[in-house]
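A.B. asks: Residue numbers (this note's numbering), protein chains in the order written: chain A, 1 to 202; chain B, 203 to 456.
Before I ask anything, let me first share the structure, which is written out below as structure tokens.
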């Protein structure tokens with residue numbers, strides 16, 4: 001990614017749609033949006049830590065939505081991120097039961113949102129469970145699956161990086177790891193069902 | 203190798219986009235015909251998405267730490283920036299004050315009566331007779347800027363009137379004949395005194411003072427300008443300021 005200047009919304013969206021997400025694209029989102037998120041959450045009974053947690057999740061949701069073509073620049077990125085942040089935070093406040101006033105504000109906020117993004121809310125608890133499942137998979141499986149599905153490396157490159165005997169061994173290992181993960185998820189029906197709804201944004 | 207393994211392997215290959223042709227068609231038909239396979243495919247698809255989300259979350263997490271350091275350092279840099287700007291501004295202001303001070307001191311010590319004269323001398327504009335009863339014969343040549351003709355004509359006048367003395371003094375000053383100018387302005391003042399009149403009194407006082415400066419006699423110019431400076435109703439009061447007086451006093455002390 002070209003550095004030194006801020007990318008336009010269209011350029012950023014194009015980059016985020018690519019197979020791998022460059023770190024600089026995420027940095028740009030932080031530089032342009034973190035301050036706004038922090039100010040909003042601070043003004044609405046949240047701490048700096050809340051703002052940081054929420055922002056990480058919002059960025060994650062945003063990138064996934066872009067990759068799944070659920071956001072194509074119908075509004076500015078800033079407006080979209082702000083809307084997700086607001087939905088997520090007001091929902092968080094609702095969960096914490098801070099006040100009825102917040103709930104009223106939440107309803108009003110939903111009404112005022114131009115796009116219907118109410119279902120693009122961050123579900124932090126489910127994401128935490130997702131992380132736990134992956135962490136319980138074991139380091140080797142995580143490495144192979146991440147290399148193949150997240151870093152989009154070819155089997156040959158994984159072979160070089162992880163030093164297996166041959167490509168077939170890598171393929172078999174990848175098969176076993178993905179099957180293992182699939183079975184772990186299948187063993188937790190409710191979690192799998194919930195994850196499907198938040199990960200596929202359907 | 204059992205059927206389950208084969209099918210799962212095919213499903214994964216299908217999921218990864220590695221199948222084409224007959225193999226692709228075959229697995230698509232199997233999935234369509236077998237709910238269990240379709241369900242397994244969905245579970246594998248979810249597992250793949252879990253991996254992607256996990257990877258992205260980890261990436262964001264590592265960038266988050268780095269960015270929070272950068273962003274929390276920003277206000278400090280901003281403060282440092284402001285402090286630096288203030289320091290530079292203070293330095294520039296100090297330099298300007300020093301330069302200004304040196305300039306002022308230079309002007310104070312290097313000022314001469316001639317400089318004061320040149321800085322304050324302006325040709326008198328004769329619009330109408332301010333004093334005497336009948337118009338002077340000097341008026342026309344004076345208005346025409348013919349100062350030599352004014353002086354020549356003055357010499358032909360037997361009994362000069364106040365305006366004649368004044369215009370002759372101005373013409374002499376204009377021709378850099380400061381002693382003649384002084385003589386003419388003094389004669390006007392004496393005439394006014396003798397007749398208890400005030401024709402061209404304030405004009406003569408100002409231009410006499412300038413004539414003294416032009417003639418390098420600041421001590422004689424000082425009381426005239428002190429009077430003008432002290433009298434706020436004086437016609438020429440606005441032309442004299444404290445800086446002028448300061449320099450004149452220094453010159454007068456020589």
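For each residue, glycine too, the CB sits at the ideal point set by N, CA and C.
Is the Cβ of residue 52(A) closer than 8 angstroms to any Cβ of chain B?
C.D. replies: Interface residue, yes.
A.B. asks: Take every Cβ of the segment 383 to 401 of chain B, pair it with every Cβ of the segment 353 to 370 of chain B, and state whether three or more of those distances are shorter than 8 angstroms.
C.D. replies: Touching, yes, given that three or more Cβ pairs across the two stretches are closer than 8 angstroms.
A.B. asks: Would you identify the three-state DSSP class for residue 256(B), choosing helix, strand or coil?
C.D. replies: Helix at residue 256(B).
A.B. asks: For residue 203(A) and residue 232(B), I'd like the C-alpha separation in whole angstroms.
C.D. replies: Given that chain A is displayed from residue 1 to residue 202, the structure contains no residue 203(A) and the question cannot be resolved.
A.B. asks: Taking residue 249(B) as the query, report the chain A residues whose CB atoms sit under 7 angstroms from its CB, ordered along the chain.
C.D. replies: 178, 181, 182 and 185, listed in chain order.
A.B. asks: By Cβ distance below 6 angstroms, which residues in the same chain neighbour residue 353(B) in space, the five residues on each side in sequence not counted?
C.D. replies: Contacts found: 373.
A.B. asks: Using the C-alpha atoms, what's the distance from residue 81(A) back to residue 33(A)?
C.D. replies: Using only the alpha carbons, I get a separation of about 8 angstroms.
A.B. asks: Strictly below 7 angstroms CB to CB, what residues from chain B border residue 59(A)?
C.D. replies: By Cβ distance, chain B contributes 262.
A.B. asks: For the segment 394 to 413 of chain B against the segment 288 to 303 of chain B, do three or more pairs of beta-carbon atoms, one drawn from each stretch, fall closer than 8 angstroms, so that the two count as touching?
C.D. replies: Flag = no, the segment 394 to 413 of chain B and the segment 288 to 303 of chain B do not touch.
A.B. asks: In the segment 134 to 148 of chain A, which residues sit with their C-beta less than 7 angstroms from some C-beta in chain D, listed in chain order?
C.D. replies: In the displayed structure, chain D is absent; the protein chains listed are A and B.
A.B. asks: Near residue 423(B), which residues of its chain fall below 6 angstroms by C-beta distance, leaving aside the five closest residues on each side in sequence?
C.D. replies: Excluding residues within five positions, the ones whose Cβ falls inside 6 angstroms are 411, 414 and 415.
A.B. asks: Around the Cβ of residue 193(A), are there at least 16 other Cβ atoms within 10 angstroms (buried) or fewer (exposed)?
C.D. replies: The residue in question, residue 193(A), is exposed, as its Cβ has fewer than 16 Cβ neighbours within 10 Å.
A.B. asks: Rounding to the nearest angstrom, what Cα-Cα distance links residue 426(B) and residue 443(B) in this structure?
C.D. replies: Cα-Cα distance, rounded: 14 angstroms.
A.B. asks: Which term fits residue 62(A), buried or exposed, when burial requires 16 or more other beta carbons within 10 angstroms of its beta carbon?
C.D. replies: Buried, since its Cβ has 16 or more Cβ neighbours within 10 Å.
A.B. asks: Taking residue 27(A) as the query, report the chain B residues whose CB atoms sit under 7 angstroms from its CB, ordered along the chain.
C.D. replies: Neighbours of residue 27(A) on chain B, chain order: 265 and 269.
A.B. asks: Just to confirm the assignment, what range does the alpha helix (DSSP H) spanning residue 58(A) have?
C.D. replies: Residues 48 to 67.
A.B. asks: Give the C-beta separation of residue 173(A) and residue 144(A) to the nearest angstrom, bearing in mind that I take them to be a contact with Cβ-Cβ under 8 angstroms.
C.D. replies: The Cβ separation is near 6 angstroms, so the contact holds.
A.B. asks: Tell whether a beta-carbon distance below 8 angstroms holds between residue 398(B) and residue 364(B).
C.D. replies: Cβ atoms of residue 398(B) and residue 364(B): not closer than 8 angstroms.
A.B. asks: Apart from the five residues on each side of it in sequence, which residues of its chain come closer than 7 angstroms, Cβ to Cβ, to residue 381(B)?
C.D. replies: Closer than 7 angstroms at the Cβ level, and outside the excluded window around residue 381(B), lie 417.
A.B. asks: Would DSSP call residue 453(B) helix, strand or coil?
C.D. replies: Correct three-state label for residue 453(B): helix.
A.B. asks: Could you run through the segment 62 to 95 of chain A and flag, in chain order, every residue whose CB is less than 8 angstroms away from some CB of chain B?
C.D. replies: Within the segment 62 to 95 of chain A, the residues whose Cβ lies closer than 8 angstroms to some Cβ of chain B are 63 and 64, listed in chain order.
A.B. asks: To the nearest angstrom, how far is the alpha carbon of residue 189(A) from that of residue 126(A)?
C.D. replies: Approximately 13 angstroms, taken between the alpha carbons.
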